[in-house]
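Going down the list, the sequences are from chains D and W. One point on numbering: in the working numbering, the residue at position 179 of the first sequence is 617, and numbering is uninterrupted. One point on numbering: in the working numbering, the residue at position 132 of the second sequence is 570, and numbering is uninterrupted.
Number of protein chains: 2
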Amino acid sequence: MERRPTSFDIAALAGVSQPTVSRALSGNPSVSEETRARVLAAAEQLNYKVDKNASGLRRRSSRTLALLFFEEETPGGALINPFYLSLLGPMVRSCAERGYDLLISFQQLSSDWHVDYEDSHKADGIILLGYGDYLQYRPKLEKLIERGAHFVRWGSLSDGALGATVSCDNEQGGFDATSHLLQQGRRRIAFVGTVDPGYPEFLDRWKGYCRALRAAGIEPDERLQCDGDAAEVAGATAVQRLIARDADFDAVFAASDLAAIGVMHALHALGRSVPADVSIVGFDNIPAAGLSSPRLTTVSQNPRQASEALIDAILTLIEGGGAKNCLLPARLIVRESSIVPH
Amino acid sequence: MERRPTSFDIAALAGVSQPTVSRALSGNPSVSEETRARVLAAAEQLNYKVDKNASGLRRRSSRTLALLFFEEETPGGALINPFYLSLLGPMVRSCAERGYDLLISFQQLSSDWHVDYEDSHKADGIILLGYGDYLQYRPKLEKLIERGAHFVRWGSLSDGALGATVSCDNEQGGFDATSHLLQQGRRRIAFVGTVDPGYPEFLDRWKGYCRALRAAGIEPDERLQCDGDAAEVAGATAVQRLIARDADFDAVFAASDLAAIGVMHALHALGRSVPADVSIVGFDNIPAAGLSSPRLTTVSQNPRQASEALIDAILTLIEGGGAKNCLLPARLIVRESSIVPH
DNA sequence: CGCAGCCATACATACGTATTCACATACGTA
DNA sequence: TACGTATGTGAATACGTATGTATGGCTGCG
């Protein structure tokens with residue numbers, strides 16, 4: 439039950455002063471190699487670890503980043519967006535490589551988090567992963583900026599891009615997905631996903647869809663456009679609506695994998711075969727996409743790349759560098775659900 | 439760019455001394471209500487937030503918990519176990535409710551993390567979520583205990599239960615899953631999953647499987663037992679092996695959902711129908727289980743309950759209470775993959 | 001030989017809070 | 001009036017580190 443050792447204990451054991459211990463451990467070049475070795479040995483021997491609180495207090499930084507998920511009000515506590523979840527692993531690793539710790543937190547859109555983390559020196563910067571209506575949380579971003587907080591967010595660049603933003607090229611992804619379906623000979627391609635400006639990422643995917651169609655000489659047909667969110671039921675609803683409209687579709691580009699899987703289930707129940715009768719492409723490459731049958735063709739936002747970009751951006755910001763936005767490529771992953779059999 | 443306010447600034451504004459500010463904000467009863475109100479108003483006005491570093495340094499605690507995933511060595515950085523991922527949301531919420539922050543970290547089994555978090559006062563306690571061979575990380579737990587670290591782990595209780603352990607009743611889950619298959623009239627039930635003692639949770643599920651069979655007067659058949667890990671390919675491999683052995687099975691209890699989904703794919707490729715020809719039950723209730731077709735019957739470990747139990751346990755430990763183990767119930771979720779059509 | 005210049009280390013201090021102790025005031029009792 | 005007690009606040013200090021400044025020993029050059 440003895441007290442944890444401090445830098446003074448190490449100093450005494452190594453026969454130097456406390457400041458020298460601090461310098462030796464932090465790699466300060468003004469300490470000789472021979473002394474440094476002695477200090478390191480002493481630290482090792484006593485199981486010494488720098489006290490992060492004291493260190494942070496002195497340096498006025500915590501070498502910690504806060505990862506903040508925020509979401510619309512939900513009663514039971516909703517699931518985290520699968521893409522954000524896939525960001526988690528790479529993010530933790532990126533942080534660790536750079537000597538930062540990662541704090542994670544959830545916030546309701548309505549709550550008053552603002553810059554608490556930074557104000558309390560609990561974190562040096564914030565990474566925001568928000569879902570839900572962008573228009574609703576936009577005011578929060580404005581407040582962050584006003585208070586001079588260091589933050590980076592994942593989101594769309596085409597919505598005014600408040601604060602440093604890292605984004606995936608959703609428009610290109612939508613274009614590639616649709617082009618792929620066209621290459622498969624499909625002509626009546628439905629779009630499932632909202633075009634609500636509160637969800638600019640979906641809107642971008644839709645724009646890419648339209649561009650691809652027009653590039654092939656096809657004018658987007660309103661009857662093939664089905665509003666819906668990113669849930670599985672949105673897919674089922676969309677199929678019902680398409681059938682009710684007698685829309686005559688031979689492919690579906692769903693702006694989310696969950697919706698795409700919902701579409702597949704609904705078509706299966708109706709006895710229409712995927713991909714023989716209808717080709718499907720999703721978006722996000724969630725784990726379930728690789729496990730569905732048929733396996734889902736989808737557009738992948740590379741989680742490792744995304745994590746790196748977010749961490750790079752926030753660290754640049756913390757070090758006083760300018761905030762530059764970043765647009766990452768989306769990649770089409772062709773699996774079974776879209777391939778028309780000969 | 440002005441400096442952040444300190445408790446001295448608040449003190450000056452409220453016309454009291456710094457210690458009074460500290461007392462007022464921490465709810466110390468020795469400060470009068472009238473003074474407290476003045477202090478709170480001043481703090482509000484200046485956007486004051488207690489500096490966590492200074493506070494932590496003084497109190498020698500951080501009001502932070504570390505969530506530590508550790509895993510076998512993998513080259514690219516493997517995915518996090520889906521069940522652990524589902525724990526994340528509820529865990530963050532539980533922490534927040536109790537006024538704690540949550541730090542997350544990954545560690546390779548080989549790395550030397552020990553009690554770094556606690557030694558450096560970065561966290562007051564550690565929650566360990568480990569996967570991979572238990573025998574490999576057991577020595578790490580011993581070292582933690584030896585160093586007097588506060589930690590709780592998720593794992594099996596039937597393996598010696600080193601340290602405070604929260605667990606799901608895997609044996610009962612295996613029993614329920616198998617009983618359900620027996621109720622469906624199945625008699626030749628295969629088991630997919632390892633019985634390696636390094637994976638005691640799988641072993642427990644297998645024991646439950648055996649108990650259910652024997653309760654129905656059936657002696658477990660070795661030819662129906664297929665070793666394999668929790669990956670999707672393990673399911674495919676198992677099916678191949680069963681066929682090669684001519685094992686004549688009409689149901690599969692897979693000790694993980696991923697393996698169960700692998701089994702379904704393999705059977706589908708062989709033209710055998712699920713659930714008409716073969717009934718399937720998985721374990722874990724990962725998101726993809728509810729999305730497969732047919733939707734997978736599985737055994738669920740309640741993530742919210744598990745999170746609460748883990749947080750309760752670690753906080754009890756931190757407050758000096760004794761460490762008691764905790765066994766949570768598993769619940770069978772009946773979906774489509776197991777139901778024999780009439 | 002003396003002085004400028006450099007290197008390695010020590011001294012002193014500040015970071016912002018929480019807590020121990022002392023103190024002043026007000027009140028009730030003898 | 002004198003005294004004990006309860007109550008609310010202030011003064012002083014410690015937590016463990018990082019860093020600006022000072023110091024001592026050394027080399028090299030005139």
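Cβ coordinates follow ideal geometry from the N, Cα and C atoms, glycine included.
Assuming residue i and residue j form a contact by the criterion Cβ under 8 Å, report the distance between their Cβ atoms to the nearest whole angstrom.
i              : j              : result
D563 (chain W) : I448 (chain W) : Looking at the sequence provided, one finds Gly at residue 563 (chain W) rather than Asp. About 31 Å separates the two Cβ atoms, so there is no contact after all.
D750 (chain W) : Q739 (chain W) : Actually they are not in contact, since the Cβ atoms of D750 (chain W) and Q739 (chain W) sit about 16 Å apart, beyond 8 Å.
L540 (chain W) : L566 (chain W) : So it is not a contact: roughly 14 Å between Cβ atoms.
P528 (chain D) : S745 (chain D) : 4 Å
A685 (chain D) : A726 (chain D) : About 26 Å; that fails the 8 Å criterion.
V630 (chain W) : L641 (chain W) : That belief does not hold up - the Cβ atoms of V630 (chain W) and L641 (chain W) are roughly 14 Å apart, past 8 Å.
A689 (chain W) : R624 (chain W) : 4 Å
What residue range does the beta strand (DSSP E) around residue i cover?
i              : result
F721 (chain D) : Careful: F721 (chain D) lies outside any beta strand (DSSP E) and carries neither H nor E.
G563 (chain W) : G563 to G568
A692 (chain W) : A689 to A692
T632 (chain D) : No beta strand (DSSP E) contains T632 (chain D), which DSSP labels as neither H nor E.
R591 (chain D) : F589 to W592
L765 (chain W) : C764 to L766
V604 (chain W) : A602 to C606
Along the alpha helix (DSSP H) that carries residue i, what are the first and last residues, could you check?
i              : result
Q574 (chain W) : Y572 to E584
V530 (chain W) : P520 to E535
E509 (chain D) : Unbroken run through E509 (chain D) is the beta strand (DSSP E), T502 to E509; no alpha helix (DSSP H).
A462 (chain W) : Q456 to L463
S493 (chain D) : K490 to R497
V701 (chain W) : D695 to A707
A650 (chain W) : P638 to A653
Taking only three categories from DSSP, how would you classify residue i?
i              : result
D750 (chain D) : helix
I448 (chain W) : helix
Q545 (chain W) : strand
Q678 (chain W) : helix
D614 (chain W) : helix
G482 (chain D) : Reading off the sequence, residue 482 (chain D) comes out as Glu, not Gly. Three-state DSSP puts E482 (chain D) in a helix.
E774 (chain W) : coil
L734 (chain W) : coil
M439 (chain W) : In this prediction, M439 (chain W) scores a pLDDT of 43, lower than 50, which makes its location untrustworthy; no coordinate-derived value is stated.
Q621 (chain D) : helix
R557 (chain W) : Correcting the residue type first, residue 557 (chain W) is Asp in the shown sequence and not Arg. Here D557 (chain W) sits in helix by DSSP.
V469 (chain D) : coil
L540 (chain D) : strand
S745 (chain D) : helix
R661 (chain W) : helix
R769 (chain D) : strand
Would you mind telling me which residues of chain D sit closer than 9 Å to residue i, beta carbon to beta carbon, in chain order?
i              : result
F544 (chain W) : G527, V530, R531 and A534
A479 (chain W) : Result: empty, since nearest Cβ-Cβ is about 17 Å, beyond 9 Å.
A672 (chain W) : Simply none; closest approach about 13 Å.
I756 (chain W) : Ordered by position in chain D, no residue passes the 9 Å Cβ test against I756 (chain W), which lies about 15 Å from the chain.
Note down, in chain order, every chain D residue with its Cβ under 7 Å from the Cβ of residue i.
i              : result
R442 (chain W) : D557
V488 (chain W) : S558
A492 (chain W) : L495
H706 (chain W) : S731
L523 (chain W) : L523
H703 (chain W) : S731
S500 (chain W) : N491
A726 (chain W) : P725, A726 and L729
I752 (chain W) : None at all; the shortest Cβ gap to chain D is about 16 Å.
Strictly below 8 Å CB to CB, what residues from chain D border residue i?
i              : result
D791 (chain W) : Shown here, chain W extends from 439 to 780; a query on residue 791 (chain W) therefore has no answer.
Going along chain W, which residues have a C-beta under 8 Å from residue i?
i              : result
I699 (chain D) : L729
Could you work out which residues of chain W lie near residue i, taking near to mean beta carbons separated by less than 7 Å?
i              : result
I565 (chain D) : Within 7 Å Cβ-Cβ: nothing; I565 (chain D) doesn't reach chain W, min ~13 Å.
I777 (chain D) : Under the 7 Å cutoff, chain W gives no residues; its nearest Cβ is about 16 Å from I777 (chain D).
Next on the checklist: Would you call the region 517-534 of chain W in contact with the region 574-584 of chain W, where contact means no fewer than 3 C-beta pairs closer than 8 Å?
Outcome noted: By the C-beta criterion, the region 517-534 of chain W is judged not to be in contact with the region 574-584 of chain W, since fewer than 3 inter-stretch pairs fall below 8 Å.
Next on the checklist: For the pair the region 492-508 of chain W and the region 706-724 of chain W, tell me if three or more CB-CB distances fall below 8 Å.
Outcome noted: The region 492-508 of chain W vs the region 706-724 of chain W: no contact.
Next on the checklist: So, does the region 637-654 of chain W touch the region 609-617 of chain W, judging by three or more C-beta pairs under 8 Å?
Outcome noted: Between the region 637-654 of chain W and the region 609-617 of chain W there are three or more inter-stretch CB-CB distances shorter than 8 Å, so the stretches are counted as touching.
Checklist entry - Should the region 755-764 of chain W be called in touch with the region 700-717 of chain W, which here means at least 3 C-beta pairs below 8 Å? => result Touching, no, given that fewer than three Cβ pairs across the two stretches are closer than 8 Å.
Checklist entry - Are three or more beta carbon pairs between the region 687-698 of chain D and the region 694-709 of chain W nearer than 8 Å? => result No, because fewer than three Cβ pairs between the region 687-698 of chain D and the region 694-709 of chain W fall closer than 8 Å, the two stretches do not touch.
Next on the checklist: Does the contact criterion of 3 or more C-beta pairs under 8 Å hold for the region 655-674 of chain D versus the region 584-598 of chain D?
Outcome noted: The region 655-674 of chain D vs the region 584-598 of chain D: no contact.
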